[in-house]
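Heads up: the sequence shown is residues -22 to -1, 1 to 1124, going by mature numbering (1 follows the signal peptide of the UniProt record, and there is no 0).
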Amino acid sequence: MHSDTLNFITLLAPVFFRLFRCDTVDIDLQRGVVRGYNPFVSFVSSPVRGRGEQCSRQAVIRLDLSGNFKIAIISLDYDERPRQWTLDIAESNTADGHGGNVQYPASEFSVHNRQVRLYSNGRPGYRSATIDGGYLLKVIDGVVKQGSRLSIEISPGKVSWAVGGRREDVESSFVFQTSVVFAAFNRVVGGSWRNGTGICRATVNLRRTPPDECLLGTHQCDVHATCKNTRRAYRCRCKPGYQGDGKKCQDRNECSVRNGGCVHKCHNNPGNFTCSCHDGFQLDKDGRNCIDIDECSKRKGGCVHQCLNTLGSYECRCNDGFSLAADGHSCNMGSWCKEQGCDHSCEVTRSSFICTCRPGFMLAPDGRNCIQSCSHGNGGCQHRCTHTSDGPICTCHYKYILGLDKKSCSPSCAINNGGCDRKCSTTPQGMVKCNCPNGFLLHKDGRSCLDIDECAVKNGGCSHTCLNSHGSFECICPEGYKLLPNEKTCSEFDECSISGTCDHTCVNTPGSYECVCNSGYEQFGQTHCGDKNECAQNNGGCHHLCVNTEGSFKCACRQGYFLHPNKKDCIEMDTCKDDEAANPIQVQCRRNKMKETCSLVCASGLHFSGNRNESYRFECGSRSTNVCMGNTCSLEFPRRIKFTIISNGCHLLQRITGHQMSSRCISVGIISYVKMFCEPRWKPRWSRDLTEDHTSIIHVDMDVQLGQKFKTSSCNNLCREKYTRQFRYVMAFIQRQFQEELFYVTSPREKEFLLMTSRTNDTVCPDGQIYLHGKCVFCSAGNFFDLDKNQCIQCPSGTYQDSSNQFGCHVCPQENMYASPGSSSLSTCGSECLPGYYSADGFQPCTLCPLGKYQPQTGRMFCHVCGKGINSLSMGSTSFHQCQVPEFCTLGSFYNTSIGQCQLCPIGFYQPNKGRDFCFACPGETATDYEGSSDLTQCKSRQCGGSIGKLLGIFESPNYPGNYPNNIQCTWTIRAQKGRRILVVVPQLFLADDQCGDSLVMRKSKSPYSITTYDTCKTQQRPIAFTARSRKLWIHFKSDGKNNDQGFRIPYALFNEEYQPLIESIVRDSQLYAMINHQEILKDRKLLTALMDVIAHPINYYKYANISWAWFPDSFVRFIMSKVKFKEKLMFAHHYFDNFGEILTN
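If you want it as structure tokens, here you go:
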């Protein structure tokens, strides 16, 4: 092609492009293809693959509406079911789909599932029940579905959308006012972490503004009309002062209607009018009113002597001895006319004189005084003057008030509010008075109102912090204090008065509180208590086995050992095979969940008779004789145990044994004979015992011999005393086993039965307890319960008892130890070994722990090993710190002595100190998020979720008010019964700021495409209340593996749907959230609980009627009462009460 032709085409290309270019951009989100071009449409993110579904590609475009293109039309084809975020149009490129994370002001239009939402955070003071607590202008459910074609039109100040035959328009100065708009498809503008599927095709069309006929001059508007260009054509409108259809305009005579507003003269002009005043007056600033001219202010008005200004005129006066000349300004010598009674001047005739008046005045009937006429100075009237024989009468123009002088006129409140800034009123004298509302002070100009800084004077009367606001002020209380109804005084709030503040003990402190856990428990989540696993720390100090229990722990020994009196060490026991061989009745015991169950096994000679449900008799073995051979306490020295138990009946329940009993030798000794029989217990008719008549008595009779260890060389008093003490202990043990239903009777050939020995609700205390200060109590430590005497007895010398509720005392380990009577500790038996020492029984004489070992506790029988090949600094070491380990472990780790190196604390454990050989176990069922935790606060509960069916309740993040754990998912469901709706109050919400890794959503069901009520991933410190958009609420909270925060504690209430308009009018009113003290009410657990209780159970109104309003500031009470109209109170009372007049008086 010739070069000149190429140059010609190059020059004309822009022209042809402007004439014939395609303004439509078509985006295929199924194949990822873009067709068409528009220089005002650019891609921020080109179509990229999304979730993998057919129509899941995502794209973000930028629309430039600063040029001729002012209208954007976006058409969407939903060939698939809309799922989650399919469209997001916003004025900010950081929009998150919820109207947030944007620069102010900004608006946002989004489609989530089938729901359309329109946000605007630029509307001042606007706050509604929203999807995420932000600023929501409109939300509509069920707009789109599979197969829908949705068209959205965006233009300055307006957004419209249409689907099928349905169309919605929102015109507002708070929507889409910027020249740049972003649109995201199958995701939100701010990021792809919120995305969806369903849009297969998006068409973007930017419309040009129509030709501006007004600018080109091709319009048909009248010369006295204005031309305004519109989307399709233009509009003509007559200019002010003209009237007509715009294409033909004619002058409007404004003076024909109330004189055009002029108080004196109105002059009509083409398209306008002007006001003028009579002589002596001038136009006021408003161009309509006329005010007096002070002629005397300039050269005394031309008067020689004195000048007196009057309304609309002035007059000259002369000094004494002079009279006014005929010109009205000069003064002549002499005052003969005044002496004759003439008001102005006089003329002398041959026979007399005549009084005369100045121009504009006429002589009164008395021939001496002068009356002013309307022709001079408007008769002294400011507005209208009407002449009469008695003189002029003054009236005022429309909306003006005649003054007390009957001449002047002042604007009424109907004219520019009387010139007042706020309130305008008319006094009885007809004057305008400006007033200011509370919180404002009237300016010295009498019109303006100035804000009063109440905080500047005595802190506004506030006891703590005073916060001034425009026209008001607010007293703010520090954390831990509550504002009293007088709205000025802060009172310390006792958080401990709220049920459930702490799991165990709550201690109120000034402005705060502390939670204290019981012994054996540790605190987690700031207010919760969990069982402390003492066994995780050096095996609980136990020699052999450590068994953790709820709130405590126990040491146990391996087979062949028994527990030392210090309850930690284990002592090898003597063999008991000889005893078992000679024992016709064997005792077998086992443990199940820390409960010891024992059986009496009759090897031979079992005799059983009776009925297992009415009465029975059991007998095994044969009677023994008590023999003391010479000076020896023989093994054949049995003692008889006999007692009775009151039972609810003679019941023997058959017990199926699915596994073998584990037999072990216990300190009971040899049982040679057992006899038990049960019979009904009949009461005399005169008995006042209110228990059931059909109780029974179980009689127990046994012969018991103690074991080999009690055999001595001589049968002396010491032997018998020690024997007797041990026997009492054995007797108490056996009786306690019966009373607690822990004994079974069996034989190798018979089935096993459980002795049902539950006590009745007798009027006397059960065995082991005494009646003291109006209640039954156990015997304290240092005492035991004597079954024969039925009272608490002090432990005798040489014994001790370190626990309560015991039937005997422990004998000191050595015969030469003599503890004082009533001893309650093993240490009273003798001098225990100090830390760093040990001995065979834990008592002196003691031996130093050798090198490589240590012992941190007193009275121990062994030393801990530092580790393989590791020595201690010296003999007698008392802690692991004195072990010379090759590696010093950091926080969150421990030294593993078995492998000789430091290891991270596993999940569920923590270590806040350095250089330790163990990790603490997390309390209760809590766990840490990761290995290597170094603080107790990192132990978190993971319990959450469930179905909630009550009318009133809460759901909270796990471990609240402590930080929630990572990688957690919780689900709650709330279902409202028929005729009820769900109210939710979010006092505060703290979520980690990590790109929506942590989120809380409330919607109708588990399906992500169901109707959404609330969805957020942001911290929200201002409270928000809203009603659910469905009767069922599926609540889901999740956290990722990154950061975490405090979470939430959210109350809800199910209320009668008849009051939904009232509830919504309250929660959607910005006044509920405007004041800080109102926000604090929605954060106050006690106050919020009372409000929610009345909402869920209106009849509970009377529960709080006398005290509830005393809890709330007066401003909050006024706000609530303004919402409760008379008819609603009437309906409320009629629905719940027979006599509804009572509630109206409250």
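Cβ coordinates follow ideal geometry from the N, Cα and C atoms, glycine included.
Since this is a predicted model, take the numbers as computed values, not measurements.
- The beta carbons of GLY168 and TYR56 sit no closer together than 8 Å.
- In this structure, the straight-line span from the alpha carbon of ASP472 to that of SER490 is close to 8 Å.
- With respect to the 8 Å criterion, GLN32 and PRO986 are not classified as neighbours on the basis of their beta carbons.
- The closest CA to that of LYS226, considering only VAL235, CYS233, SER234 and CYS216, is found on CYS216.
- The C-beta distance from GLY893 to HIS859 rounds to 6 Å, short enough to meet the 8 Å contact threshold.
- Beyond the five residues adjoining it in sequence on each side, LYS316 comes within less than 7 Å, by CB distance, of SER301 in the same chain, given in chain order.
- For PRO370, the enclosing beta strand (DSSP E) covers residues 369 to 373.
- Look at the segment 484 to 560 and you find these whole runs of beta strand (DSSP E), each 3 residues long or longer: 490 to 494, 499 to 502, 506 to 509, 523 to 527, 530 to 534, 539 to 541 and 548 to 550.
- In this structure, the straight-line span from the alpha carbon of TYR651 to that of ARG618 is close to 9 Å.
- For ASP1092, the enclosing alpha helix (DSSP H) begins and ends at 1092 to 1101.
- The beta carbons of ALA759 and GLN779 sit closer together than 8 Å.
- Around the CB of PHE866, fewer than 16 other CB atoms lie within 10 Å, so the residue is classed as exposed.
- Under the three-state reduction of DSSP output, CYS192 falls in the helix class.
- Remark: three or more beta-carbon pairs, one from each stretch, lie closer than 8 Å, so the segment 969 to 983 and the segment 1011 to 1026 are flagged as touching.
- Restricted to the segment 278 to 306, not a single alpha helix (DSSP H) segment is unbroken, complete and at least 4 residues in length.
- For TYR873, the CB contacts under 6 Å within the same chain, skipping 5 residues up- and downstream, are VAL863, CYS867, CYS880 and ASP895 in chain order.
- Judged by pairs of C-beta atoms under 8 Å, the segment 903 to 922 touches the segment 883 to 890, as three or more such pairs exist.
- One Cα belongs to TYR459, the other to TYR749, and the distance between them is close to 45 Å.
- Under the criterion of beta carbons closer than 8 Å, SER850 and GLY830 qualify as touching, at roughly 6 Å.
- A distance below 8 Å separates the beta carbons of LYS1101 and ILE1044.
- In the DSSP assignment, ASP55 falls within the unbroken beta strand (DSSP E) covering 47 to 68.
- With fewer than 16 neighbouring CB atoms inside 10 Å of its own CB, TYR1080 falls in the exposed class.
- The beta carbon of LYS377 sits closer than 6 Å to the beta carbons of SER390, ALA392 and ILE393 from its chain, once the five residues preceding and following it are set aside; these are given in chain order.
- As computed with DSSP, PHE762 is found in a beta bridge with ILE771.
- For the pair HIS76 and THR994, the CB atoms are nearer than the 8 Å cut-off.
- If you ignore the 5 residues before and after ILE932, its C-beta comes within less than 8 Å of the C-beta of ARG1027, ILE1028, PRO1029 and TYR1030, all in its own chain and listed in chain order.
- C-alpha of ARG920 to C-alpha of TRP950: approximately 14 Å in a straight line.
- Secondary structure note for SER1043: its alpha helix (DSSP H) is the uninterrupted segment 1038 to 1045.
- Around the C-beta of HIS354, 16 or more other C-beta atoms lie within 10 Å, and the residue is accordingly described as buried.
- Contact annotation: HIS283 and ARG295 have beta-carbon atoms nearer than 8 Å.
- By the Cβ test, the segment 331 to 345 is not in contact with the segment 228 to 244, since fewer than three Cβ pairs between them sit closer than 8 Å.
- In the same chain as ASN516, and ignoring 5 residues on each side of it, the C-beta atoms closer than 6 Å to its own belong to PHE896, in chain order.
- Around the beta carbon of HIS788, 16 or more other beta carbons sit within 10 angstroms, so the residue counts as buried.
- Taken through DSSP and simplified to helix, strand or coil, GLN921 comes out as coil.
- Cβ atoms of GLN1057 and PRO1001 come within 8 Å of each other, at about 5 Å.
- When DSSP reads this structure, SER133 sits in a beta bridge with LYS136.
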